[in-house]
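The structure appears below as structure tokens.
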Amino acid sequence: GVDWEGRRQVLGVELANRESHSSWRAFVAGLKQRGLAGVEFVVSDDHPGLRAAIREVLPEAVWQRCYVHFLRNALDY
858 GVDWEGRRQV LGVELANRES HSSWRAFVAG LKQRGLAGVE FVVSDDHPGL RAAIREVLPE
918 AVWQRCYVHF LRNALDY
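Under the working numbering, the residues of the sequence shown are numbered 858 to 934, in order.
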């Protein structure tokens, strides 16, 4: 995460069998259960399961696709 002063902090690390919606939902919900609050903006890759988990667990947050991931994917074609 990045706070209002621009300081970055690792919010969590987890091993999962796959990048499924249920795995992402459990991860994001775990962050919230450990005290994550006030999330206004999320930047991530365009993984459908992750986007859905963010919508469910952090409905107040605005989501944006990561520009670096977007460019890398475009250049792969």
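Glycine included, each C-beta is placed from N, C-alpha and C at the ideal position.
Where does residue 931 land, buried or exposed, given buried means 16+ other C-beta within 10 angstroms?
Per the 10 Å Cβ criterion, exposed.
Quick check: the segment 897-907 against the segment 862-873, are at least 3 beta-carbon pairs closer than 8 Å?
Flag = no, the segment 862-873 and the segment 897-907 do not touch.
Thinking C-beta only, is residue 920 closer than 8 Å to residue 929?
Against a cut-off of 8 Å, the Cβ pair of residue 920 and residue 929 comes out as no contact.
Going straight from the alpha carbon of residue 911 to that of residue 893, what length do you get?
The alpha-carbon atoms of residue 911 and residue 893 are separated by roughly 13 Å.
In the DSSP output, what is residue 898 paired with across the bridge?
In DSSP, residue 898 forms a bridge with 919.
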